[in-house]
Amino acid sequence: MISLTDDRKMLGYGLLGAYPNISHFVTTRHGGYSEGAYASFNCSPFSGDELERVEKNQTLLFQSLSQAPRHLIIPFQTHGTKILPVDEKFLGASGQQQQEMLNGIDALITTEPGCCICISTADCIPVLLYDRVHHAVAAVHAGWRGTVEYIVGHTLEKMRAVFGTEGQDVIACIGPGISLQSFEVGDEVYESLVLTLIISGLQRIL
1 MISLTDDRKM
11 LGYGLLGAYP
21 NISHFVTTRH
31 GGYSEGAYAS
41 FNCSPFSGDE
51 LERVEKNQTL
61 LFQSLSQAPR
71 HLIIPFQTHG
81 TKILPVDEKF
91 LGASGQQQQE
101 MLNGIDALIT
111 TEPGCCICIS
121 TADCIPVLLY
131 DRVHHAVAAV
141 HAGWRGTVEY
151 IVGHTLEKMR
161 AVFGTEGQDV
171 IACIGPGISL
181 QSFEVGDEVY
191 ESLVLTLIIS
201 GLQRIL
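If you count the sequence shown from 1, position 200 lands on 200 in full-length UniProt numbering, and the numbers rise without skipping.
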């Protein structure tokens, strides 16, 4: 990953930086207003942080971007596989309706200009997808549960159904997550992943 700011408050991907029609970022913990467990650059309104500090961090985020988005879309994630297209119907809905539509969503896709689709991660892995042909983008929250349930694959399938996306046209960027040295999992995680690999192998053979 590369630093998008001098203070390394925001990171990015060299691959995506080659396309001037899109912008992207990965925030870090540093350089914001939040305190305690949320210190300090927390931009998620669903974290339990004080909303005033979250809004100040979001303002700081906009100021750090070369072009501020018209819409900042952040879902309420539940470690599932639900995917929401951010389209004209969504943007035309009321604020309350949008919040209801964003509940339980772990991946967003869009082709709408000026829309910044976001996902929030700590231990889990963020994945950004860009369809170079149809200029469609996706932000995916891939924790171990979502990975076992093929959330990235389901997102690509949704992009194909909605935009006509083909896999060979997609750039995929994997963001930072918790390290091997800092994360211990139980047997249920290991068993779920092994079962997923076995099923995948059988599907490919058959």
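We treat Cβ as the ideally placed atom computed from N, Cα and C, and that holds for glycine.
Small disclaimer: the values here were computed from a predicted structure and weren't measured.
Supposed contact pair residue j and residue i - C-beta distance, whole angstroms, cut 8 Å
i    : j    : result
G31  : F41  : 5 Å
C115 : I171 : Their Cβ separation, rounded to whole angstroms, is 18 Å, which puts C115 and I171 out of contact at 8 Å.
E55  : D87  : About 26 Å separates the two Cβ atoms, so there is no contact after all.
N57  : F76  : Not a contact, Cβ separation roughly 18 Å.
C43  : L61  : 6 Å
S23  : S64  : Not a contact, Cβ separation roughly 11 Å.
Enclosing beta strand (DSSP E) for residue i [first to last residue]
i    : result
I174 : 170 to 174
G12  : 10 to 12
L180 : Segment: none, L180 is in no beta strand (DSSP E) and carries neither H nor E.
D123 : Element bounds for D123: n/a, residue is neither H nor E.
Residue i, DSSP secondary structure in three states
i    : result
L4   : coil
Y19  : coil
Y190 : helix
L206 : In this predicted model, L206 has a pLDDT of only 48, less than 50, meaning its place in the structure is not dependable enough to derive any value.
K162 : According to the sequence displayed, residue 162 carries Val and not Lys. Helix at V162.
T27  : strand
H141 : strand
A110 : In the sequence under discussion, the amino acid at residue 110 is Thr, which differs from the Ala named in the question. Note: T110 maps to strand in three-state DSSP.
C-alpha distance - residue i paired with residue j, whole-angstrom precision
i    : j    : result
V152 : V127 : 8 Å
Y13  : L51  : 29 Å
G80  : D7   : 34 Å
Y38  : T27  : 13 Å
M10  : C173 : 15 Å
R145 : N21  : 33 Å
Y190 : T196 : 10 Å
Q98  : H71  : 12 Å
Y150 : Y19  : 27 Å
G48  : E35  : 12 Å
Q181 : Y33  : 29 Å
Span of the alpha helix (DSSP H), counted from its first residue to its last, around residue i
i   : result
V54 : 51 to 64
E35 : No alpha helix (DSSP H) contains E35, which DSSP labels as neither H nor E.
Exercise. Can we say the region 163 to 181 touches the region 110 to 124, given the rule of at least three CB pairs closer than 8 Å?
Worked result: Result yes; three or more Cβ-Cβ pairs closer than 8 Å.
Three or more beta-carbon pairs under 8 Å between the region 99 to 113 and the region 132 to 147, yes or no?
Taking a contact to require three or more Cβ pairs closer than 8 Å, the region 99 to 113 and the region 132 to 147 qualify as touching.
request  = Indicate whether the contact test is met: 3 or more Cβ pairs, each with one atom in the region 158 to 165 and one in the region 128 to 136, closer than 8 Å.
outcome  = Touching, per the Cβ criterion.
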